[in-house]
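As structure tokens, the structure follows; a few thoughts come after it.
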Amino acid sequence: MLANSWRNIPLRSARGVRNTRLYSAQINHQSLDEWIAEPKHLVLTDTIHPERLSDLYITLPTRDGIRKPFSEPLKSQPLGYGHHIAFFHFLTPESELRSDGTDGEFCPPEPFSRRMWASGKMTWDPKNPMLIGEKANAIWSVDSIEKKGFEKGRPMLFVNKKIEFTMAGANNPSFVEERVHVYLPGDVHGNNRVNREVKDIPSSSDFVYEFTPSLTTLFRFSALMWNAHHIHLDKDYSVVKEGYPERLVHGPLTSLMLLEAVVDHKPNAQIESFDYRARNPLIVGRKLTVHGKWQNEKTVAVWCVDEDGVVGMTGNITLV
-18 MLANSWRNIP LRSARGVRNT RLYSAQINHQ SLDEWIAEPK HLVLTDTIHP
32 ERLSDLYITL PTRDGIRKPF SEPLKSQPLG YGHHIAFFHF LTPESELRSD
82 GTDGEFCPPE PFSRRMWASG KMTWDPKNPM LIGEKANAIW SVDSIEKKGF
132 EKGRPMLFVN KKIEFTMAGA NNPSFVEERV HVYLPGDVHG NNRVNREVKD
182 IPSSSDFVYE FTPSLTTLFR FSALMWNAHH IHLDKDYSVV KEGYPERLVH
232 GPLTSLMLLE AVVDHKPNAQ IESFDYRARN PLIVGRKLTV HGKWQNEKTV
282 AVWCVDEDGV VGMTGNITLV
């Protein structure tokens, strides 16, 4: 699944367009095609420690004990929807991180050093849940790679990374995730960014959930994900290099809050699938509102809007 929202990223700065076209001319196409063709496979192993889940819970406004009593994660319970994000991290030394602070696993060669989270999909097997306290494997592969904008001098790569999460000793995955990242040349400055209008959302909602991600939220979530992406931690990088007014909220955090809002609204919900798309960047310190609109008894449309009405992410969740 590829995200159309990132395919026409506005590069309104003349300097930015020139830089992009320059990089397009400098791309080693043979090296890039060889990277695209080579097999990509990696297995990560982790234990779903309840202690680390407690760190995640205390970071999420839906579970931190402020709005409702804190519920401690217990061994042998099913892992919450999206809570795998606190596990299965690449152990990349700092010296080997890319120039934007991201890890280099499954990433294209230079000059494609800037990464953005574009979209994703998650599918669960309700009869085969991942269990807290147990060991599990995350089998990584690349499902597809798509080139965009090369002929226009604005090259982008969409890399769809597939992850199968399987309990140790089991044959079938409990959960399958797709993460689509878009990669851009490293020295293209994102000046004069314009928010995209999003038209395909419901005109009303059945429930809402409000929260304000702070710098502390971003720091803690970055630590939980083992994510050193500068765009979430370094204001100078985010403003000067990327052209944003402040640090950005993690795409995975927003997608997780879409799931959390549905579970908060319907605690006994059994979710079968969730797909989402990043629409616009969301900025730290601004109030965000997650909306949910039931399409039928098993499907709910969800979207997240900031305090200025900018739609940051949309998605659909299907129940069993």
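Its first residue numbered -18, the sequence shown is counted upward by one per residue in the numbering used here.
All residues carry an ideal CB built from backbone N, CA and C; glycine is no exception.
Model, not experiment: these values are computed from the prediction.
For the beta strand (DSSP E) that I126 lies in, which residues bound it at each end? Numbered from 1 along the sequence shown, position 145 holds the residue referred to as residue 126. Counting along the chain, the beta strand (DSSP E) containing I126 begins and ends at K116 to K129.
For V243, is the classification buried or exposed, using 16 other Cβ atoms within 10 angstroms of its Cβ as the cut-off for buried? In the sequence shown, counting from the first residue as 1, residue 243 sits at position 262. Looking at its Cβ environment, which holds 16 or more other Cβ atoms inside 10 Å, V243 is buried.
Rounded to a whole number of angstroms, what is the C-alpha to C-alpha distance between V140 and S122? Indexing the sequence shown from 1 puts residue 140 at position 159. Indexing the sequence shown from 1 puts residue 122 at position 141. One C-alpha to the other measures close to 10 angstroms.
If I measure Cβ to Cβ from D27 and keep anything under 6 angstroms in the same chain, skipping five residues before and after, which residues do I get? Position 46 of the sequence shown, counted from the start, is the residue given in the question as residue 27. Cβ neighbours of D27 beyond the five flanking positions: F68 and F69.
Could you round the C-beta distance between S57 and L112 to whole angstroms and report it? I think they count as a contact, below 8 angstroms. Position 76 of the sequence shown, counted from the first residue, corresponds to residue 57. Position 131 of the sequence shown, counted from the first residue, corresponds to residue 112. With a Cβ gap of about 6 angstroms, S57 and L112 count as contacting.
Classify K142 as helix, strand or coil using the three-state DSSP reduction. Within the sequence shown, the letter at position 161 stands for residue 142. Three-state result, K142: strand.
Sort L205, S94, A259 and K247 by Cα distance to S35 and report the nearest one. As a working mapping, residue 35 is identified with position 54 in the sequence shown. The candidate whose alpha carbon is nearest that of S35 is L205.
Taking the alpha-carbon of G315 as reference, which of L25, P233, A18 and I8 has the nearest alpha-carbon? This structure cannot speak to residue 315, because the chain is shown only from -18 to 301.
Work out the CA separation of S236 and E253 for me, nearest whole Å. As a first step, residue 253 is located in the sequence shown; it is residue number 272 there, counting from the start. As a first step, residue 236 is located in the sequence shown; it is residue number 255 there, counting from the start. Distance between the alpha carbons of E253 and S236 is about 15 angstroms.
For P107, count neighbouring Cβ atoms within 10 angstroms of its own Cβ and tell me buried if that reaches 16, exposed if not. Taking the sequence shown and counting its residues from 1, one reaches residue 107 at position 126. P107 is exposed by the Cβ-count criterion.
To the nearest angstrom, how far is the alpha carbon of R48 from that of I126? Counted from its first residue, the sequence shown places residue 48 at position 67. Counted from its first residue, the sequence shown places residue 126 at position 145. Using only the alpha carbons, I get a separation of about 42 angstroms.
Verify whether the separation of the beta carbon atoms of R95 and G46 is less than 9 angstroms. Along the sequence shown, one-based indexing puts residue 95 at 114. Along the sequence shown, one-based indexing puts residue 46 at 65. No.
Going by Cα to Cα distance, which pick from T280, H272, E227 and F200 is closest to A250? The sequence position of residue 250 within the sequence shown is 269, counting from 1. Measuring from the Cα of A250, the nearest candidate turns out to be T280.
Threshold first: 3 residues or longer. Then list the beta strand (DSSP E) segments lying entirely within the stretch 62 to 91, N to C. none
Report yes if the CB atom of D81 is closer than 9 angstroms to the CB atom of Y218, and no otherwise. Within the sequence shown, residue 81 is the residue found at index 100, counting from 1. Within the sequence shown, residue 218 is the residue found at index 237, counting from 1. Yes, these two residues count as a Cβ contact at 9 angstroms.
Decide if N334 is buried, meaning its Cβ has at least 16 other Cβ atoms within 10 Å, or exposed. Residue 334 lies beyond the stretch modelled for the chain, which goes from -18 to 301, so this question has no answer here.
L199 versus K268 - alpha carbon distance: Position 218 of the sequence shown holds residue 199. Position 287 of the sequence shown holds residue 268. Going by the C-alpha atoms only, they are around 14 angstroms apart.
Nonlocal neighbours in the same chain, by C-beta distance under 7 angstroms from R93, ignoring five residues either side: Sequence index remark: in the sequence shown, residue 93 carries index 112 (1-based). It should be pointed out that residue 93 corresponds to Phe in this sequence rather than to Arg. Cβ neighbours of F93 within its own chain (closer than 7 angstroms, five residues either side excluded): L138, Y164, L165 and P166.
Would you identify the three-state DSSP class for T235, choosing helix, strand or coil? For the purposes of this step, residue 235 is identified with residue 254 of the sequence shown, where counting begins at 1. Of the three classes helix, strand and coil, the one that applies to T235 here is helix, per DSSP.
Taking C-beta to C-beta, are F255 and M103 nearer than 9 angstroms? Numbered from its first residue, the sequence shown carries residue 255 at position 274. Numbered from its first residue, the sequence shown carries residue 103 at position 122. Taking 9 angstroms as the Cβ cut-off, F255 and M103 qualify as a contacting pair.
Give the single residue among Y190, E227 and N176 whose Cα lies nearest to the Cα of L196. In the sequence shown, residue 196 corresponds to position 215, counting from 1. Measuring from the Cα of L196, the nearest candidate turns out to be E227.
Continuous beta strand (DSSP E) stretch holding H22: start and end: Locating residue 22 in the sequence shown gives position 41, where the first residue counts as 1. Unbroken beta strand (DSSP E) run through H22: H22 to T28.
Report buried or exposed for S184, applying the criterion of at least 16 other Cβ atoms within 10 angstroms of its Cβ. Along the sequence shown, read from residue 1 onward, the residue named residue 184 stands at position 203. It counts as exposed.
Is it buried or exposed for H210, if we count other Cβ within 10 angstroms and need 16 for buried? Numbered from its first residue, the sequence shown carries residue 210 at position 229. Its Cβ being crowded by 16 or more others within 10 Å, H210 is buried.
For a test of the three-state rule: what should DSSP assign to W207, helix, strand or coil? Mapped onto the sequence shown, residue 207 falls at position 226. Here W207 sits in coil by DSSP.
Looking only at its own chain, which residues have a Cβ that is under 6 angstroms from the Cβ of I144, when we skip the five neighbours before and after it? In the sequence shown, residue 144 corresponds to position 163, counting from 1. Result list for I144: A119, W121 and E158, in chain order.
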